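Reviewing the structure listed below.
Chains as they are written, first to last, in my numbering: chain A, 4 to 361; chain B, 4 to 361.
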């Protein structure tokens, strides 16, 4: 298993050099770059300037946005690989945010039963989350990542160099996952991460915080690549978070993934407090930070049934009617096998709204 | 690797009991049976009569035939799983020939990033080939198995009980893969298998020959699950065979997979003779048997370019312009890393037509 799931993670701002080194070793018969319409414009030209392999590769550009992370776009990628002569010995570079790394990874994982790929995340969120750990997939029938596979990138090249082009909202979206990792790690991690407002860290400070954060995820994934147990810890904040995200999308007012996770983190810490005695001072601290950075989700009681319905559809559930959660006894002390009843979740949503002054 | 790819193969005609035993151990939250319109009519009722779990399962019936092994049918399976509340802890039983086990296996392998499945092959071909070994997938853009994944069934239940409903052509189709396995195994295997005409074996004799044949494949797959080396031996007959199959389909005169493999076997043995000195007496023996059982493919010189084009698209090629073949020095002595030039293949196709009196 270690063989298949341990992946090389390279932290560097010399991204072109990292790509050339990988290509020299992997020697793909043909190289493809998958980018979206944003990264094709904002990131690909610079990278092509630094890497002859990237410049010479076949570029597959997909429309940007989560609403294009679907079967139609996936089929168009397969089609481009097919019609441009990709073989089993070809390779793919995914250059983009989580949509590109998830979907491009799944396309590569399933083309001719799997060709090699590397991820170059261009957003903080993708760097800290989607690009690492081998989860690939697309949304289907309105459910996030409903179709996919566990398949690790050959390598992930993590840099902060593409972040200056990101809107603040994108930066905050990634920061929410870093908050999650710091709570999973415990110790001083949360304090280090929240010592300054996220946009006040220098690029070097951020790369260092990123390394610490990614290593939390990497360690968990290597222990449990296919989410039989420990990996579920990474779902902290995600049961409620995914429900918020799907619900907001359905309402026609989509929210960024990281925002949904930030709010979901507060819900999960409320449940952690109610069920496992997570310290209330820490809960209030996190809730205050989330309100300050992410604002308020316009949630009312009448929306609860829809949210519960989304939670029931969560992949993490056992199928026995309960809803699965990952909760914390305290920072660094995780329980991955918690469940909550609809009544408990309703109570937690009420407290969540109180804490965030919704 | 062994963990992920070794699979339980159960040889029994008490298929219902085998399913019940598996369900008792696996305890899926929900059970689905994927069948095609033929097996839903001819095999599912009897099996449901023997297995309460099968009777109570959600049945997903797809249209029969290779031309439905495509993205649209796959999406309809995902949709059925989704809308009938499948969870990560659900499981799928694939009841059918290779189309059902390949496509149902891929649907399960990718639904919520992978749920468990077992295969119950209902054709000799699926029993001896598709159902065992973890290759799943669909055809795409006219290319066979262009999209897919390596993912082993939890268990494969192999019986001869569904074969009496098979047309003779279906039986012969599976027999071609058994011929291939016997040539790969060497020793007396080919003689045992060809001691009688295939339809003259009793059900018990056939189950025993089937066990011997499947074990050849199982041993190879466990050694090399993702086809880095040894597994390529199973491609004997398949480079030319797949080209025959794709070409015949394109011409609007589709041929059964096993027929294409039988003819492809002769082409590959001709190349084996030309390049590795495979004994000509044995080549003539196999060619005579193939002509007798499978008849003649209406192939003319003018068709060669189309066949070569299909061979160039084969997944097995390295992408350097050569065409990859698995060849034999003699029965039981395999070389998986052969290549042939278009000129050599053209010569082999000429000899193939001579041998089969085309």
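Built from N, CA and C at the ideal position, the CB exists for glycine as well. Treat the numbers as computed from the prediction; the structure is a model and nothing was measured.
- At the C-beta level, residue 37/A and residue 18/A stay beyond 9 Å of one another.
- Beta-carbon to beta-carbon, residue 46/A and residue 165/A are separated by about 5 Å, close enough to satisfy the 8 Å threshold.
- Bounds of any alpha helix (DSSP H) do not take in residue 360/B, whose DSSP letter is neither H nor E.
- DSSP places residue 48/A in no beta strand (DSSP E) but in the uninterrupted alpha helix (DSSP H) bounded by 47 to 53.
- Look at residue 343/A here: in three-state DSSP terms it is strand.
- Just so you know, the alpha carbons of residue 357/B and residue 241/B end up roughly 20 Å apart.
- Of the other Cβ atoms in all chains shown, fewer than 16 fall within 10 Å of the Cβ of residue 170/B; this residue is therefore exposed.
- CA-CA distance, residue 74/B to residue 182/B, rounds to 32 Å.
- From the listed residues 92/B, 115/B and 138/B, the smallest Cα separation to residue 103/B is found for 138/B.
- When Cβ pairs closer than 8 Å are counted between the two stretches, the stretch 172 to 191 of chain B is seen to touch the stretch 264 to 271 of chain B, the count reaching three or more.
- Comparing alpha carbon positions, the residue from 281/A, 300/A, 289/A and 236/A closest to residue 258/A is 300/A.
- In the three-state scheme derived from DSSP, where H, G and I count as helix and E and B as strand, residue 146/B is classed as strand.
- Judged by DSSP secondary structure, residue 71/A falls outside any alpha helix (DSSP H); it is assigned neither H nor E.
- Beta-carbon to beta-carbon, residue 148/A and residue 85/B are separated by about 12 Å, too far to satisfy the 8 Å threshold.
- In this structure, residue 186/B lies away from residue 292/B, with their beta-carbon atoms at least 9 Å apart.
- Across the structure, residue 42/B and residue 190/A are spaced so that their CA atoms are roughly 59 Å apart.
- Proximity of chain B to residue 120/A at the Cβ level (cut-off 9 Å) is not reached, the minimal Cβ distance being about 14 Å.
- In this structure, the CA atom of residue 130/A is about 24 Å from the CA atom of residue 55/A.
- Look at residue 242/B here: in three-state DSSP terms it is helix.
- By the neighbour-count definition (other C-beta atoms within 10 Å, threshold 16), residue 202/A is an exposed residue.
- By the Cβ test, the stretch 275 to 287 of chain B is not in contact with the stretch 217 to 224 of chain B, since fewer than three Cβ pairs between them sit closer than 8 Å.
- Cβ contact annotation for residue 350/A (same chain, cutoff 8 Å, sequence separation greater than five): 277, in chain order.
- In this structure, the beta-carbon distance from residue 326/B to residue 311/B falls below 9 Å.
- The stretch 207 to 295 of chain A contains, as complete alpha helix (DSSP H) runs of 4+ residues, the segments 241 to 253 and 260 to 279 (chain order).
- Judged by beta-carbon spacing, residue 35/A lies within the 9 Å limit of residue 87/A, meaning their Cβ atoms are closer than that value.
- In the DSSP assignment, residue 310/A falls within the unbroken alpha helix (DSSP H) covering 307 to 315.
- The C-alpha of residue 25/B lies about 25 Å from the C-alpha of residue 167/B.
- Straight-line spacing of the CA atoms in residue 188/A and residue 235/A works out to 14 Å.
- For residue 348/A, the nearest beta carbon of chain B is not closer than 9 Å to its own beta carbon.
- Taking every protein chain shown into account, the CB of residue 334/B has 16 or more other CB atoms within 10 angstroms, so this residue is buried.
- Shown here, residue 323/A sits in coil according to DSSP, grouped into three states, outside any helix or strand.
- Taking 9 Å as the CB threshold, residue 28/A stays off the interface with chain B.
- Look at the stretch 71 to 90 of chain A: the residues with a C-beta under 7 Å from a C-beta of chain B are 74, 78, 81, 82, 85 and 90.
- Close partners of residue 153/A in chain B (Cβ separation under 8 Å): 116 and 117.
- In the DSSP annotation of this structure, the continuous segment of the alpha helix (DSSP H) that includes residue 113/B starts and ends at 101 to 113.
- Residue 336/A has 333/A as its beta-bridge partners, per DSSP.
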